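Participant: Just dropping this structure here.
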Amino acid sequence: MPKKNIEELKKEIKKLVSEIAEVSEEDLKEDAMFTEDLGIDSMMALEIIASLEKKYKLIIPEEKIPTIRSLKNVYDLLEEVYLKE
Amino acid sequence: MGREGTIAPVSWKNILLIKMDKFKEKIVIISGGSRGIGRAICLAFAKEKANIVFTYNKSADEALKLAKELTGLGVEVLSLQADVRDYNQCRQVIENTLKKFNRIDILINNAGIVRDKSLMMMLQEDWKDVIETNLGGVFNMTRAAITTLLKQKNGCIINMSSVSGVAGIARQTNYSASKAGIIGFSRSLAKEVAAYNIRVNVVCPGFINTDMVNSLTDNIKKGILEAIPTKRLGEPEEVANVCLFLASEQANYITGETIKIDGGLTL
């Protein structure tokens, strides 16, 4: 299956994060901090990681998990592990 | 009465069969598994048909011997050299476990050392070594495993503390601090991960018949025996039995708990 481009990917990720974090897509700014600005705790972060892994059939390396602190971090990470794979 | 209405007689053999194999196909990781209490825990779980991953640091000969013994019990065994002070080595243990077994059911953080001295004589290295191995090791192993357990939404963690972490023992400020730290760590983690069906409990052995206790002088040992209400040392198997219980379904509603196995020493 051809890989999705980054814009498509961003749209899907934003939708997924907004559903898990129960934050509307409009309020989910790219650089908003998950914990400080959006109240996303580590358990929600885990849900996000597990959902991404399942959806895109990939494994996010353990050492990358603490770097996921905003939506932008998720985009960057997916770009790294999904698009460059 | 028709055949449907009869109940098959239950023989003692059947009862024993029900009791055995309680951990069949479960994956258990035991740090510091090659000697003493860790060794007894490995054997106890293997007798219940769990597959065993155990780590050792320096005791390669004992580890080899134990691995053979465990394999002889008909379970799969992974014996890994690792220094629990090093997070990357702990991650390697978890990665190797997942590569071989694809899951983790039970993590038993047992690796520990002593460097007993009065505080006045204690070197900074004595403090650092004990804290980094006993408490740092629990963090390193658990941190390396926790994402997997959370994703599984299932798991059981048992941390080996000591009566020294509950009551305090002279000349063990380093050991006692590390073991008390383990209790705090476990209680916090128990609350953090309970919703993910992960239980975290602590076992506090008193004086157990192991190399660690047998290295004490006869005078100290005599004093210890006098202080224990049951007037004997505990056996490693008695600690292993409590681990079996805590890891079993019978303990499904127990988390954040600390169980002392000390013959009444701290009463």
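Chains A and B supply the protein sequences, listed in that same order. Under the numbering used here, the first sequence has 42 at position 7, and the numbering climbs by one with no breaks. Under the numbering used here, the second sequence has 340 at position 91, and the numbering climbs by one with no breaks. Even for Gly, the Cβ is constructed at its ideal location relative to N, Cα and C. Note that this is a predicted model, so its numbers are computed, not measured.
1) When the cut-off is 8 Å and only beta carbons count, does residue 41 (chain A) lie next to chain B?
2) Compute the distance between the beta-carbons of residue 391 (chain B) and residue 361 (chain B), then report whether it is under 8 Å.
3) Ignore the nearest five residues each way along the sequence and tell me which others in residue 478 (chain B)'s own chain have a CB closer than 8 Å to its CB.
4) Would you mind reading off the limits of the alpha helix (DSSP H) that contains residue 383 (chain B)?
5) Run the CB neighbour count on residue 321 (chain B), radius 10 Å, all protein chains shown included, and call it buried at 16 or more, exposed below.
6) How would you call residue 66 (chain A), buried or exposed, if buried means at least 16 neighbouring beta carbons within 10 angstroms?
7) What residue range is occupied by the uninterrupted alpha helix (DSSP H) comprising residue 502 (chain B)?
8) What is the DSSP secondary structure of residue 512 (chain B), counted as helix, strand or coil?
9) Sort out for me which residues DSSP pairs residue 87 (chain A) with in a bridge.
10) Using CA coordinates, which residue listed in B:281, B:270 and B:293 is at the minimum distance from residue 492 (chain B)?
11) According to the neighbour-count rule (16 or more other Cβ atoms, all chains shown, within 10 Å of its Cβ), is residue 275 (chain B) buried or exposed?
12) Might you give, ordered along the chain, the residues of its own chain that have their beta carbon closer than 8 Å to the beta carbon of residue 112 (chain A), omitting 5 neighbours on each side?
13) When the Cα of residue 124 (chain A) is compared with those of A:40, A:116 and A:106, which residue comes out closest?
14) At what residues does the beta strand (DSSP E) containing residue 404 (chain B) begin and finish?
15) Any beta carbon from chain A within less than 8 Å of residue 340 (chain B)'s own beta carbon?
16) What residues in the stretch 387 to 400 of chain B have a beta carbon less than 8 Å from any beta carbon of chain A?
17) Got a sec? Which residues, its chain only, sit under 8 Å from residue 503 (chain B) by beta carbon, not counting five neighbours each side?
18) Can you confirm whether the stretch 416 to 434 of chain B touches the stretch 465 to 483 of chain B when touching is taken to mean that 3 or more C-beta pairs between the two stretches lie within less than 8 Å?
19) In the DSSP assignment, the beta strand (DSSP E) including residue 450 (chain B) goes from what residue to what residue?
20) Can you give me the C-alpha to C-alpha distance between residue 266 (chain B) and residue 343 (chain B), rounded to a whole angstrom?
21) Can you tell me the Cα-Cα spacing of residue 347 (chain B) and residue 323 (chain B), whole angstroms?
22) Would you mind working out which of B:272, B:408 and B:446 sits nearest residue 433 (chain B), comparing C-alpha positions?
23) Could you please give the first and the last residue of the uninterrupted beta strand (DSSP E) stretch that includes residue 522 (chain B)?
24) Once you ignore the five residues that flank residue 389 (chain B) on each side, which residues in its own chain have a CB closer than 6 Å to its CB?
25) Going by DSSP, what residues sit across from residue 52 (chain A) in a beta bridge?
26) Can you give the beta carbon distance from residue 299 (chain B) to residue 277 (chain B), rounded, assuming they're within the 8 Å contact cut?
27) Relative to the alpha-carbon of residue 462 (chain B), which residue among B:386, B:485, B:308 and B:290 has its alpha-carbon at the smallest distance?
28) Please check the pair residue 327 (chain B) and residue 349 (chain B), which I expect to be a contact at CB under 8 Å, by giving their CB distance rounded to whole angstroms.
29) What residues from chain B crowd round residue 57 (chain A), counting only those whose CB sits closer than 9 Å?
30) Between residue 100 (chain A) and chain B, is any beta-carbon pair separated by less than 8 Å?
31) Based on Cα-Cα distance, which residue from B:271, B:413, B:386 and B:401 lies nearest to residue 331 (chain B)?
Facilitator: Let's see:
1) Chain B, which has no Cβ nearer than 8 Å to the Cβ of residue 41 (chain A), makes this no.
2) Going by C-beta atoms, residue 391 (chain B) is not nearer than 8 Å to residue 361 (chain B).
3) Cβ neighbours of residue 478 (chain B) beyond the five flanking positions: 512, 513, 514 and 516.
4) From DSSP, residue 383 (chain B) is part of no alpha helix (DSSP H); its letter is neither H nor E.
5) Burial call: exposed.
6) Using a 10 angstroms sphere on the CB of residue 66 (chain A), the tally of other CB atoms stays under 16, which defines it as exposed.
7) Residue 502 (chain B) -> no alpha helix (DSSP H), and no H or E assigned at all.
8) Secondary structure of residue 512 (chain B) (DSSP, three-state): coil.
9) When DSSP reads this structure, residue 87 (chain A) sits in no beta bridge, so it has no partner.
10) The candidate whose alpha carbon is nearest that of residue 492 (chain B) is B:293.
11) Around the beta carbon of residue 275 (chain B), a 10 Å sphere encloses 16 or more other beta carbons of the protein chains shown; the residue is thus reported as buried.
12) 95, 99, 102 and 103.
13) Look at the range of chain A in this structure, 36 to 120, and you will see that residue 124 (chain A) is not part of it.
14) Residue 404 (chain B) -> beta strand (DSSP E) spans 404 to 409.
15) Interface residue, yes.
16) Close to chain A, meaning a Cβ-Cβ distance shorter than 8 Å, are the following residues of the stretch 387 to 400 of chain B: 393, 396, 399 and 400.
17) The beta carbon of residue 503 (chain B) sits closer than 8 Å to those of 448, 450 and 495, all from its chain and outside the five residues before and after it, given in chain order.
18) At 8 Å Cβ cutoff, the stretches do not touch.
19) 447 to 454 is the span of the beta strand (DSSP E), which, as asked, contains residue 450 (chain B).
20) In this prediction, residue 266 (chain B) has a pLDDT of 49, which is less than 50 and means its spatial position is unreliable; nothing more can be read from the coordinates.
21) Taking the CA atoms as reference points, residue 347 (chain B) sits about 20 Å from residue 323 (chain B).
22) Looking from the CA of residue 433 (chain B), the closest CA among B:272, B:408 and B:446 belongs to B:408.
23) For chain B, the structure presents residues 250 to 516; residue 522 (chain B) sits outside this window and is missing.
24) Around residue 389 (chain B): 333, 336 and 339.
25) Partner(s): none; residue 52 (chain A) has no beta bridge.
26) Correct: roughly 5 Å between the Cβ atoms.
27) The residue with the shortest Cα to Cα distance from residue 462 (chain B) is B:485.
28) The pair is a contact, with the Cβ atoms about 6 Å apart (cut-off 8 Å).
29) Within 9 Å Cβ-Cβ: nothing; residue 57 (chain A) doesn't reach chain B, min ~16 Å.
30) Yes, residue 100 (chain A) lies at the interface with chain B (some Cβ there is under 8 Å from its Cβ).
31) The residue with the shortest Cα to Cα distance from residue 331 (chain B) is B:386.
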